[in-house]
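Trainee:
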Amino acid sequence: MNITILGGGGFLGRKIAERLTREGRLGGQPVTSLTLFDIAEPPKPSAAFPVTALAGDVVDLPEAAVPAGTDVIFHLAAVVSAQAEADYELGRRVNLRGTDAVVDACRRLVAAGGRPPRVVFTSSVASFSATQADTLPDEAKQVPGNSYGAQKAAAELILADASRRGFMDVVTIRLPTVVVRPGRPNKAASSFFSAIVREPLLGLEAELPVPDTFGVWICSPRRAADWLLHAAAMDTSGMGLDRSLSPPGIETTVGNMLKALDSVQPGASALVRRITDPTIADIVGTWPPAFTAARARALGFVPHEPMEDVVRAFIADDLEATRRDRGLIA
Ligand SMILES: NC(=O)c1ccc[n+]([C@@H]2O[C@H](COP(=O)([O-])OP(=O)(O)OC[C@H]3O[C@@H](n4cnc5c(N)ncnc54)[C@H](O)[C@@H]3O)[C@@H](O)[C@H]2O)c1
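For the sequence shown, this note's numbering begins at 31 and goes up steadily by one.
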């Protein structure tokens with residue numbers, strides 16, 4: 031299988047690249063090549079098959095990023111939530127025009143006689159709005175409360191239509207907020223959901239801009255990677271025209287996340303400071319705190335693990351690397 035990851039240098043792109051190079055197979059088929067594409071050249075994991083790393087803009091997607099014979103494209107390149115809200119031009123350009131470019135790359139493959147590639151697209155919980163009391167069913171209407179969510183919802187429709195036309199075979203995963211994100215706080219409005227676990231585990235303070243009772247729909251990086259890899263290999267013949275899924279995440283509250291943190295590292299949550307940030311609170315305040323995810327379960331997407339396991343997975347997978355990246359250890 032020839033695989034491309036657009037946004038291959040990002041948080042989830044690197045996780046997928048690691049899994050593919052470690053496992054060497056996708057859906058029972060051997061991986062034969064991997065192409066990683068991002069604004070800056072992504073790091074190349076060592077692999078038993080050729081790995082190509084390319085730098086460029088997804089809006090001007092070069093042919094080399096999606097070469098002839100590509101079987102699977104993970105389309106993860108995006109301008110994320112708070113940045114897309116702060117910079118309307120940039121968000122619209124990358125999240126919409128970038129998706130157009132993926133459609134055109136697939137059309138080129140098909141016009142040259144290739145098979146329509148499987149495209150795995152990452153949409154978001156932010157494409158919906160709801161109150162804190164809601165649990166959204168699969169047929170809930172997408173009414174985004176921010177530009178990022180609107181761009182993701184629009185991209186879902188464009189990709190589903192391209193799939194109907196035979197240019198690609200798309201599966202869109204509307205990801206929950208992924209925690210615990212390693213590294214530093216980033217431009218996502220959801221950044222604090224990771225920071226309140228990660229920073230105390232690093233011995234640092236974190237800021238919490240919502241009340242402890244705030245409900246949130248989350249998943250771990252391990253589970254997000256499982257879902258994206260499942261989406262890349264699953265049988266799509268029963269999906270019909272609706273190519274989007276809400277996967278079975280974790281329905282929890284910020285307070286429960288802090289309890290899980292304390293159960294793994296007693297007293298750690300004392301480093302979390304309650305602050306007021308109306309911009310962030312307004313963005314995340316429209317995101318639904320729960321989904322039924324019935325369709326995804328029926329299509330074989332594995333359900334979430336307990337919150338304590340999410341904290342432990344971060345410690346096992348990412349804590350040391352985060353310490354090193356941030357210069358907290360020699
Ligand atoms: N992490 C989450 O909580 C979460 C939740 C819901 C949806 N998603 C979606 O999942 C995908 C991956 O998220 P992530 O957390 O890895 O984000 P990330 O920001 O770490 O990765 C996105 C990557 O896209 C790249 N990119 C941005 N503009 C580009 C351009 N013009 N050309 C090429 N590359 C460009 C960035 O450099 C970055 O490496 C994104 O589409 C995001 O919207 C993530």
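In this text, a Cβ means the ideal position worked out from N, Cα and C, and glycines have one as well. As the structure is a computational prediction, the values presented were derived from the model and not from experiment.
Assuming the contact rule is C-beta atoms closer than 8 Å, Val81 and Ala107 should be a hit. Round their C-beta distance to whole Å, please.
Mentor: Position 51 of the sequence shown, counting from 1, holds the residue named residue 81. Position 77 of the sequence shown, counting from 1, holds the residue named residue 107. That belief does not hold up - the Cβ atoms of Val81 and Ala107 are roughly 18 Å apart, past 8 Å.
Trainee: Hey, Ala262 and Val140: beta-carbon distance below 8 Å or not?
Mentor: Indexing the sequence shown from 1 puts residue 262 at position 232. Indexing the sequence shown from 1 puts residue 140 at position 110. It is not a contact, given that the beta carbons lie outside the stated cut-off.
Trainee: How would you write the range of the beta strand (DSSP E) that Gly245 sits in, first residue to last?
Mentor: The count along the sequence shown starts at 1 and reaches residue 245 at position 215. Segment Gly245 to Cys249, the beta strand (DSSP E) holding Gly245.
Trainee: When you compare only the Cα positions, how much space is there between Pro167 and Ser276?
Mentor: Residue numbering aside, residue 167 sits at position 137 when the sequence shown is read from its first letter. Residue numbering aside, residue 276 sits at position 246 when the sequence shown is read from its first letter. If you take the alpha carbons of Pro167 and Ser276, they lie about 9 Å apart.
Trainee: So who's on the other strand from Gln59, going by DSSP bridges?
Mentor: In the sequence shown, counting from the first residue as 1, residue 59 sits at position 29. Gln59 pairs with Leu56.
Trainee: Compute the distance between the beta-carbons of Ile33 and Val61, then report whether it is under 8 Å.
Mentor: By 1-based counting over the sequence shown, the position of residue 33 is 3. By 1-based counting over the sequence shown, the position of residue 61 is 31. For Ile33 and Val61, yes; Cβs fall inside 8 Å.
Trainee: What's the gap between the Cα of Arg303 and the Cα of Pro230?
Mentor: The residue you call residue 303 lines up with position 273 of the sequence shown. The residue you call residue 230 lines up with position 200 of the sequence shown. For Arg303 and Pro230, the gap between their C-alpha atoms comes out near 11 Å.
Trainee: Go ahead and pull the three-state DSSP assignment for Glu169.
Mentor: For the purposes of this step, residue 169 is taken as the residue at position 139 of the sequence shown. Looking at Glu169 - three-state DSSP - the assignment turns out to be coil, as it is neither helix nor strand.
Trainee: Taking 8 Å as the cut-off, does the segment 332-346 touch the segment 291-301 (at least 3 CB pairs, one atom from each stretch)?
Mentor: yes
Trainee: Arg211: beta carbon under 7 Å from a heavy atom of ligand 1?
Mentor: For the purposes of this step, residue 211 is identified with residue 181 of the sequence shown, where counting begins at 1. Yes.
Trainee: With H, G and I counted as helix, E and B as strand and the rest as coil, what does DSSP make of Ala219?
Mentor: Mapped onto the sequence shown, residue 219 falls at position 189. Residue state, collapsed to three classes: coil.
Trainee: Does the beta carbon of Val109 fall short of 7 Å from some heavy atom of ligand 1?
Mentor: The count along the sequence shown starts at 1 and reaches residue 109 at position 79. Checking the Cβ of Val109 against ligand 1 gives yes.
Trainee: Which same chain residues, not among the five before or five after Ser177, have their C-beta less than 8 Å away from its C-beta?
Mentor: One-based indexing of the sequence shown puts residue 177 at position 147. Ala114, Glu115, Tyr118, Gly121 and Arg122.
Trainee: Pick out whichever of Ala95, Phe79, Met198 and Ser220 has its Cα sitting closest to the Cα of Gly37.
Mentor: As a working note, residue 37 is residue 7 in the sequence shown. Minimum Cα distance to Gly37 is reached at Ala95.
Trainee: From this set, Ala190, Thr322, Pro212 and Gln162, which residue's C-alpha is nearest Pro278's C-alpha?
Mentor: Here residue 278 refers to the residue found at position 248 of the sequence shown. It is Thr322 whose Cα lies nearest to the Cα of Pro278.
Trainee: Relative to the alpha-carbon of Phe79, which residue among Thr51, Ala326 and Gly39 has its alpha-carbon at the smallest distance?
Mentor: For the purposes of this step, residue 79 is identified with residue 49 of the sequence shown, where counting begins at 1. Minimum Cα distance to Phe79 is reached at Thr51.
Trainee: State the DSSP-derived secondary structure class of Arg342, mapped to helix, strand or coil.
Mentor: Along the sequence shown, read from residue 1 onward, the residue named residue 342 stands at position 312. Correct three-state label for Arg342: helix.
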